[in-house]
Every structure is written in structure tokens, then in C-alpha cells.
Amino acid sequence: MKMKQVFIVIATCIVSIAAGAQAPLVKDLGYRGGSIAGIRKIDNALHFILMGDWGRNGDNYQKEVAVNMGNAAHDLGASFVVATGDNFYPYGVQSTQDYHWISSFESIYTAQSLHVKWYVVLGNHDYASNPDAQVAYTKISSRWTMPARYYTKSFTIGKDSLLMVFLDTDAIEKELRGQAHDSVKYVAGAVEKQRQWLESLLASSNAKWKIVVGHHPLYTGGWRKDDEDTERMRIFLEPLFSRYNVDLYLCGHEHHLEYTKPKGKTHYIISGAASEARPASLNPAGGKFIAAEQGFATLSVAANQVLVQFINYQGKILNSSVITK
């Protein structure tokens with residue numbers, strides 16, 4: 011083989027390897043030079059993006075949602091992204107080398123503004139293959155953050171603090187259904203261990219704001235409004251939220267955008283429409299807003315209020331709500 015041919019082969023290999031790496035940081039491909047019209051940025055707040063039910067190889071408006079997530083993150087100076095599960099359709103990922111990481115994550119969320127920490131939870135679709143591959147990807151990625159199937163993170167907001175708790179609700183749902191245990195995905199005793207961990211964490215926290223993130227809803231105006239799984243999840247988690255003053259519960263699973271404030275202390279936000287949307291209607295148990303279209307939400311947590319803004323795949327603000335401490 012001639013020297014020129016050898017050089018071409020080597021160069022091709024280098025390009026191929028680079029293509030499998032994480033998306034580059036040098037160019038902001040998602041931000042288009044404009045802004046989300048009317049987006050509000052409150053001072054001295056912690057800003058983040060909330061999205062869920064998303065990994066579809068760019069289909070079902072995933073790319074359009076991603077572009078406007080980048081625009082909103084740029085406008086707000088978002089510190090991180092929260093992903094509420096069902097990260098890879100239809101069967102999760104097999105390993106850290108699964109091509110879904112490129113086709114549904116790295117090559118879609120390319121905006122410079124989205125190259126921040128992604129705090130992620132598992133959904134039911136993620137359990138179809140290897141949920142621990144998503145935990146393991148944390149060691150590979152500079153932004154994907156799932157150190158365990160459930161975990162916690164604290165933030166400082168001026169003189170105040172925010173506790174965020176990230177749950178593994180699919181295991182809880184299986185337990186409440188009475189599903190048979192296995193030795194890998196759904197281990198006997200794991201749900202009770204998680205419940206004790208959650209209660210201890212909430213009870214010992216002096217944070218001004220407490221936010222819990224999971225995949226499954228407790229209140230919804232979507233397909234699962236009257237589902238027994240939803241009711242069982244509510245009976246399991248809501249007493250803990252009430253007892254320990256949880257301010258917000260953020261989730262996905264339902265493919266729409268929703269804000270519900272039933273009786274009690276906790277506000278419920280659904281953002282599960284980052285690629286697919288389904289019919290939904292306002293929940294009679296305290297429904298404030300609902301939209302059956304693709305999109306995401308932004309949250310801005312300040313000392314005494316949380317601003318929630320719902321944005322669709324076209325970059326239109328559908329609703330803004332202020333939650334006062």
C-alpha cells in the first residue's frame with residue numbers, strides 16, 4: 011500500500027472514532043440567534059430545563075424541541091437539565107456503547123447551552139434493556155449525571171438552599187403491582203430501602219426548597235388519570251411529600267405538559283412531551299394548566315418563588331406560573 015493510501019486510511023479511522031465521541035462544544039448548533047419571545051428571567055435564581063420521554067432518534071419533533079430547549083437555556087443561562095425518564099425508546103439502551111447514545115442524545119442536544127449537567131432518572135422504557143448502562147454512562151459523559159438509580163443533589167440559591175431528590179419510580183410501580191422480583195433489575199427489598207432513604211433524607215434536610223423528581227405521575231390529566239398505577243403511586247409518595255414539606259414533584263410518563271395543585275403542600279409538574287404528545291384535559295383535582303403538544307418546561311428557583319414556564323416545540327410560551335414559598 012502506498013504512503014498516500016495509508017494516510018487516507020488513518021485519517022478515515024480518526025474521523026470515525028471522533029464521530030462516536032460526544033458532541034463537540036465548539037459550535038452552538040441549537041441556538042439560532044433569536045430568543046424565546048416573552049421568556050422571563052428572574053434575578054438571583056437558579057434556572058434549569060425540565061424535559062422527559064424523549065429519545066426517539068430525532069423523530070416526533072424531538073429535534074425541534076431540542077432546538078428550543080437550547081434557545082431557552084441560552085436565554086436563561088440554565089445551570090442544568092432535568093430529564094424525567096423514558097430516555098430511550100422503545101427499549102432503553104443495551105450498554106454504554108449503544109448507538110442510541112449518539113442518535114438520540116449526543117447528536118440531538120448539540121447547543122452549547124445544553125452542554126451542562128443533565129440530571130436524569132429512569133423510566134419504564136429504560137428498564138426494558140439495561141438500566142445500569144445509563145448509570146455507567148455517567149463515567150463516560152461530561153454532562154450525563156446518574157450516579158445511581160436514585161440519588162440526591164443540593165444547590166445554593168443566595169443564602170438559601172435547594173434539595174433535589176431523584177427517584178427510581180419504575181421499581182416502586184412494579185412493587186405496588188406485586189410483580190415478581192428478579193436478581194438484577196427488580197431486587198427484593200430495594201423499594202423499601204429506597205423509601206427509607208427518601209424519608210430519612212427529607213426528614214433531615216433543612217433546605218428552604220425541596221423538589222422531588224420521578225418518572226411516574228401522582229396527578230395527571232392524561233391517559234393515566236384513572237389508572238390504578240397512578241393511584242397507588244399517589245398513596246405511596248404523597249404522605250411523605252406532605253409530612254416533609256416537599257414543594258414540587260416533577261415527572262414525565264404522560265406525554266403532555268401540565269401543572270396541577272391539588273389540596274396539600276405539593277405542586278405537581280408534568281413535562282413528558284419532549285418528542286411525542288398525546289391527548290389530555292385539565293385535571294379536576296386542582297388542574298392549573300395542561301397542553302397536549304410537544305415541548306418542555308423551564309424552572310427558575312429564587313428565594314421566595316419558583317417561576318415555571320411551559321414552552322412548545324415552536325418556541326412559543328404556552329403558560330407561565332409562579333409558585334410562592
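Converting from the sequence shown to my numbering requires adding 10 to each position, the first position being numbered 1.
Positions of the beta carbon are idealized from the N, C-alpha and C atoms, including for glycine.
Pick from Ala88, Gly296, Glu264, Ile46 that is closest to Lys273, judged by C-alpha positions
Gly296
Please identify the residue among Ala284, Ala313, Gln315 whose C-alpha is closest to the C-alpha of Ala301.
Ala284
Check for me: the beta strand (DSSP E) holding Lys203 runs from which residue to which?
Per DSSP, Lys203 belongs to no beta strand (DSSP E); it is in the alpha helix (DSSP H), 200–214.
Through-space distance from Cys261 to Arg244, alpha-carbon basis:
13 Å
To the nearest angstrom, how far is the alpha carbon of Asp85 from that of Phe115?
21 Å
Collapsed DSSP secondary structure at Gly80 in the structure displayed:
helix
Nearest-angstrom Cα distance between Ile321 and Asp63?
15 Å
Lys335 versus Val316 - alpha carbon distance:
8 Å
Measuring straight from C-alpha to C-alpha, what distance separates Trp128 and Phe98?
15 Å
Opposite Gly305 in the DSSP bridges: which residues?
Asn322
In chain order, what residues of the same chain have a beta carbon less than 6 Å from the beta carbon of Ala143, not counting five sequence neighbours either side?
Val103, Ser105, Thr106
Close Cβ partners of Ser291 (< 7 Å) along its chain, the five nearest in sequence each way excluded:
Gly231, Ile300
Collapsed DSSP secondary structure at Met243 in the structure displayed:
helix
Buried or exposed: where does Ala213 fall if 16 or more other Cβ atoms within 10 Å of its Cβ makes it buried?
exposed
For Leu172 and Gln319, I'd like the C-alpha separation in whole angstroms.
19 Å
Examine the ligand GDP and report whether any of its heavy atoms sits within less than 7 Å of the Cβ of Ser139.
Questions concerning the ligand GDP fall outside what the structure shown contains, since it holds no ligand whatsoever.
DSSP bridge partner residues for Asp170 (one or two, in chain order)
Ile167
Secondary structure at Lys73, three-state DSSP: helix, strand or coil?
helix
Would you report the Cα separation of Lys326 and Leu309, rounded to the nearest angstrom?
16 Å
Cα separation between Tyr229 and Lys235?
7 Å
Which residues does DSSP list as the beta-bridge partners of His338?
Lying outside 11 to 335, the shown extent of the chain, residue 338 is not represented and no answer is given.
Can you look up Val197 in the DSSP assignment and give me helix, strand or coil?
coil
Residue environment, Lys184, which counts as buried when at least 16 other CB atoms sit within 10 Å:
buried
Output the distance between the C-alpha atoms of Ala156 and Ala312, rounded to the nearest integer angstrom.
The sequence given here places Met at residue 156; Ala does not occur at that position. Their backbone Cα atoms lie some 25 Å apart in a straight line.
Please return the same chain residues whose Cβ sits closer than 8 Å to the Cβ of Arg66, not counting the five positions on each side in sequence.
Gln72, Tyr99, Ser114, Ser285, Glu286
Would Val256 pass as a contact of Lys220 if the rule is Cβ separation under 8 Å?
yes
So for Glu268, helix, strand or coil by DSSP?
strand
Along the chain, where does the alpha helix (DSSP H) containing Ile182 start, and where does it finish?
179–187
Taking only three categories from DSSP, how would you classify Val111?
The amino acid occupying residue 111 in the given sequence is Trp; Val does not appear at that position. Helix, per DSSP.
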